[in-house]
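To keep things clear, I will list the structure first and then write my remarks on it.
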């Protein structure tokens, strides 16, 4: 009897200890994960004098907007970069969501000759590294005279994205066929079925796709780097790297720029976190 | 199922003229269905032909030519490929890329697994920490790379300050040819949140009764992990490993923004070499050859994955 109690007690103590260890480790790691972001925001609000203090201060004193003023008032037109990024990103997101949805609908709900064959092709294209087609695509856009315009960064998005088509298709497959048949009997065509029956019930997957294409486009570096060469056309991503590329970088300004460029992503993350999670888990693509 | 096939069956017994008419209308309907399917799929089909298939073949052609986009394109056979294997920078970039993957990937996967195990419980605190671990992986891109440049600043950076608390004088990190690559490895650990989520989903799909049975048999925590969790998750782990290797092979932006490949080629990744050959040296043929070598390697890795973990991939593809 007593030994049973003793055993139960050791188990309790051990579980307590394990729980303590678990939370301790989690808090330690959590701190390590959050500190870099805090460091970024912290530096962005320091004066350049304070940024180069050793040991560093953990609170800006005074809270300074020097970095933000430098990035907006400097020789590099950061305002314009933000506007450019917004234009490119919003059009890309619209194009990606619209085209991927149409194509996914064809693969999930319509019956047409060669559908399965093309679906295998679609899956195969996902394995093709972008580097293989990068140079020929560049040459196509060069021949079209699209260099130094936003077109190469926007137009391809209107032709669907294999990952997103796949993701939406999986979601569309889950709808009961009866729903659609009933609407067909009532004389609805497929566009109406897609618009009035499927889409209103597909918001989660639409949001997931919109978020991922938003991040992909907002963060895109290689694209603008290859296709844009004029200062006033640059995006936030490339502009920021130009800022940081100076011989004596102004770190408060760069951190201000980094904070601004991460702000939309952070906001989206806070509001739509579970759609991010869904997308990651379903496709295995990361960020 | 199909409206037309049911009515066909019903009417088949009726007179032949009616039947003829019906077959015609069925053919018409079939045509309409096909047309509709191709119309909906058209955006991707066009994209596939213009931006995947054609580039795919022209890339092979370019790789067999010498071309700087200014002078005429010149066919040189496999010379780009033989040049490549005699090129010092090519081998340096291979070594950098392989060393990076070897350092970053196993440790990163272990860390992701540890985090997933830590937060694998449904309560508010766990959800909060999940978000914290996941957040940095979402915040990818140039902002993150410039942030880490600042963190690795030898004099005023965060890391060397933290080291100095323990009396350690930190290295020059990105400015040192010995420490630049390890610095990028450390940075990569910050982005394991996505992998953590994949593992978390895997952990939650392990049948609970296995653990209960093991507990009754007196298996302790470690035993349960080694003999249930790990085997049940092997295909997931393998999948993340393959994705990680392919990602490492294609790594470009981080080295471009943080080090430009230096110092002394210490962070000269394969992807960076490819970009610079194409868009700085304008050796389009040679860069295409580099892309094709990359493609073949990725293809082999992918095929091996299919062979070893086909089950998981098919599960992913649904149906």
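Chains as they are written, first to last, in our numbering: chain A, 61 to 347; chain B, 31 to 349. Cβ atoms here follow ideal geometry from the backbone N, Cα and C, with glycine treated the same way.
Worksheet item: Which residue or residues does DSSP assign as beta-bridge partners of residue 122 of chain B?
Response: For residue 122 of chain B, which the question treats as bridged, DSSP gives no partner whatsoever.
Item to complete: For residue 117 of chain A, I'd like the list of residues in its chain whose CB is within less than 7 angstroms of its CB, leaving aside the five on either flank, ordered along the chain.
Response: 110
Worksheet item: Along chain B, which residues have their Cβ under 7 angstroms away from the Cβ of residue 333 of chain A?
Response: Neighbours of residue 333 of chain A across chain B, judged by C-beta separation under 7 angstroms: 161.
Worksheet item: Going by C-alpha distance, which of B/284, B/86 and B/292 is nearest residue 184 of chain A?
Response: B/86
Worksheet item: Counting Cβ pairs, one atom from each stretch, are 3 or more of them under 8 angstroms apart for the stretch 194-208 of chain A and the stretch 89-99 of chain B?
Response: yes
Worksheet item: Does any CB atom of chain A fall closer than 7 angstroms to the CB of residue 26 of chain B?
Response: Past the edges of chain B, shown from 31 to 349, lies residue 26 of chain B, and the structure says nothing about it.
Worksheet item: Does the beta carbon of residue 179 of chain A come closer than 7 angstroms to any beta carbon on chain B?
Response: no
Item to complete: Verify whether the separation of the beta carbon atoms of residue 189 of chain A and residue 251 of chain B is less than 7 angstroms.
Response: no
Worksheet item: Anyone know if the C-beta pair for residue 285 of chain A and residue 332 of chain A falls short of 7 angstroms?
Response: no
Item to complete: Closer than 7 angstroms by C-beta to residue 144 of chain A: which residues in its own chain qualify, once you throw out the five before and the five after it? Chain order, please.
Response: 293, 294 and 295
Fill in: Proximity test, Cβ basis, 7 angstroms: residue 228 of chain A and chain B
no
Worksheet item: Who are the neighbours of residue 128 of chain B on chain A, taking C-beta pairs under 9 angstroms?
Response: Near residue 128 of chain B there are no residues of chain A at all, since even the closest Cβ is about 17 angstroms away, more than 9 angstroms.
Discussion item. Closer than 8 angstroms between beta carbons: that is the criterion. Which residues of the stretch 282-308 of chain B meet it against chain A?
Written reply: 282, 283, 286, 287, 301, 304, 305 and 308
Item to complete: Could you say which of B/153, B/293 and B/271 lies nearest to residue 328 of chain B if we only look at CA atoms?
Response: Cα-wise, what sits closest to residue 328 of chain B is B/271.
Worksheet item: Using a Cβ-Cβ distance under 7 angstroms, would residue 165 of chain A count as near chain B?
Response: yes
Worksheet item: Does residue 94 of chain A get closer than 7 angstroms to chain B when you measure Cβ to Cβ?
Response: yes
Worksheet entry | Own chain residues within Cβ distance below 7 angstroms of residue 224 of chain B, not counting five before or after | 167
Fill in: Element boundaries [alpha helix (DSSP H), containing residue 269 of chain B]
Looking at the DSSP string, the run of the alpha helix (DSSP H) that includes residue 269 of chain B is 260-280.
Discussion item. Excluding the 5 residues flanking residue 209 of chain B on each side, which residues of the same chain have their C-beta closer than 6 angstroms to its C-beta?
Written reply: 201 and 203
Fill in: Proximal residues to residue 49 of chain B (C-beta, below 6 angstroms), its chain only, five neighbours per side dropped
none
Discussion item. Taking 7 angstroms as the threshold (C-beta atoms), are residue 300 of chain B and residue 333 of chain B in contact?
Written reply: no
Worksheet item: Name the chain B residues whose beta carbon is nearer than 9 angstroms to that of residue 326 of chain A?
Response: Residues of chain B passing the Cβ test: 165, 168 and 169.
Item to complete: Establish whether the CB of residue 132 of chain B and some CB of chain A are separated by less than 7 angstroms.
Response: no
Practice prompt. Take residue 107 of chain A as the anchor and find which of A/314, A/148 and A/341 has the nearest alpha-carbon.
Written response: A/314
Discussion item. For residue 281 of chain A, tell me which candidate among A/247, A/321 and A/71 has the shortest Cα-Cα distance.
Written reply: A/321
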